[in-house]
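**Student:** The numbering of the sequence shown is the working numbering, which starts it at 765 and goes up by one.
Idealized CB from N, CA, C, for every residue including glycine.
Keep in mind that this is a model prediction, so the values were computed, not measured.
One structure, as C-alpha coordinates, below. Some questions next.
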Amino acid sequence: MVGLALGVITRSKMFAAVDDSVVLPGYTRLDAAMYARLDKRLRLQVNVENMLNKHYFLSASNNNNITPGSPVAIRGMVILDF
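Put into C-alpha coordinates, the structure is as follows:
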(Lines of atoms letter the chains of each structure in order from A and count residues from 1; the text may use other names and numbers.)
(Lines give C-alpha, C1' and ligand atoms only; values in the text may rest on other atoms or scores of the structure.)
Protein backbone atom coordinates (compact mmCIF):
# COMPACT_ATOMS: atom_id res chain seq x y z
CA MET A 1 0.00 0.00 0.00
CA VAL A 2 1.25 3.48 -0.91
CA GLY A 3 0.00 6.73 0.59
CA LEU A 4 0.44 10.46 0.19
CA ALA A 5 -0.42 13.26 2.61
CA LEU A 6 -0.35 17.03 2.28
CA GLY A 7 -0.39 19.52 5.12
CA VAL A 8 -0.86 23.27 5.24
CA ILE A 9 0.25 25.30 8.25
CA THR A 10 -0.78 28.94 8.32
CA ARG A 11 -0.41 31.70 10.87
CA SER A 12 -1.48 35.32 10.75
CA LYS A 13 0.87 38.12 11.76
CA MET A 14 1.77 38.29 15.44
CA PHE A 15 3.60 40.57 17.83
CA ALA A 16 7.05 39.51 19.04
CA ALA A 17 6.46 40.85 22.58
CA VAL A 18 3.76 42.42 24.73
CA ASP A 19 4.82 46.00 23.86
CA ASP A 20 3.57 45.47 20.25
CA SER A 21 6.58 47.27 18.72
CA VAL A 22 7.77 44.38 16.50
CA VAL A 23 5.35 42.54 14.22
CA LEU A 24 6.21 39.16 12.71
CA PRO A 25 4.52 38.65 9.33
CA GLY A 26 2.08 35.82 8.77
CA TYR A 27 3.05 32.78 6.71
CA THR A 28 1.74 29.64 5.09
CA ARG A 29 3.89 26.51 4.90
CA LEU A 30 3.24 23.45 2.73
CA ASP A 31 4.34 20.00 3.93
CA ALA A 32 4.01 16.54 2.38
CA ALA A 33 4.59 12.90 3.21
CA MET A 34 4.73 9.73 1.16
CA TYR A 35 4.85 6.22 2.53
CA ALA A 36 4.92 2.66 1.33
CA ARG A 37 3.91 -0.29 3.49
CA LEU A 38 6.13 -3.18 2.47
CA ASP A 39 4.45 -5.76 4.68
CA LYS A 40 2.31 -5.97 7.83
CA ARG A 41 5.11 -4.64 10.08
CA LEU A 42 7.42 -2.58 7.83
CA ARG A 43 6.80 0.88 6.39
CA LEU A 44 9.09 3.33 4.58
CA GLN A 45 8.25 7.02 4.79
CA VAL A 46 9.59 10.33 3.46
CA ASN A 47 8.46 13.66 4.93
CA VAL A 48 9.12 17.07 3.37
CA GLU A 49 8.58 20.19 5.47
CA ASN A 50 8.41 23.67 3.93
CA MET A 51 8.23 22.30 0.37
CA LEU A 52 8.26 25.78 -1.19
CA ASN A 53 11.28 26.90 0.90
CA LYS A 54 9.30 29.81 2.32
CA HIS A 55 11.21 32.26 4.55
CA TYR A 56 9.23 32.83 7.74
CA PHE A 57 9.56 33.51 11.45
CA LEU A 58 8.43 30.62 13.61
CA SER A 59 8.23 32.34 17.00
CA ALA A 60 9.63 35.02 19.27
CA SER A 61 10.20 35.28 23.00
CA ASN A 62 10.81 39.06 22.87
CA ASN A 63 11.67 41.78 20.33
CA ASN A 64 15.30 40.60 20.00
CA ASN A 65 14.95 36.82 20.22
CA ILE A 66 13.14 35.86 17.01
CA THR A 67 13.34 32.30 15.69
CA PRO A 68 13.34 31.81 11.91
CA GLY A 69 11.56 28.82 10.41
CA SER A 70 13.69 26.08 8.90
CA PRO A 71 14.27 25.84 5.15
CA VAL A 72 13.19 22.73 3.24
CA ALA A 73 13.70 19.68 5.46
CA ILE A 74 13.54 16.13 4.09
CA ARG A 75 13.40 13.15 6.44
CA GLY A 76 13.42 9.48 5.60
CA MET A 77 12.16 6.86 8.04
CA VAL A 78 11.98 3.12 8.36
CA ILE A 79 9.13 2.17 10.70
CA LEU A 80 8.86 -1.31 12.18
CA ASP A 81 5.71 -2.13 14.15
CA PHE A 82 6.05 -4.54 17.07
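1) Measuring straight from C-alpha to C-alpha, what distance separates Leu788 and Ala824?
2) Assess, as a yes-or-no matter, whether the region 775-792 is touched by the region 804-815 under the definition of 3 or more beta carbon pairs within less than 8 Å.
3) Report all residues from its chain with a CB closer than 6 Å to the CB of Tyr799; omit the five preceding and five following residues, and keep chain order.
4) CB-CB under 7 Å to Arg775, same chain, minus the five flanking residues each way: which ones, in chain order?
5) DSSP three-state label for Val786, please.
6) Between Ala796 and Met815, is the Cβ-Cβ spacing less than 8 Å?
7) Where does Phe779 fall in DSSP's three states?
**Tutor:** On the basis of the supplied data:
1) Approximately 8 Å between the Cα atoms of the pair.
2) These segments do not touch.
3) Gly767, Arg807, Gln809
4) Gly790, Tyr791
5) In the three-state reduction of the DSSP assignment, Val786 falls in the coil class.
6) yes
7) In the three-state DSSP reduction, Phe779 falls in the strand class (E or B).
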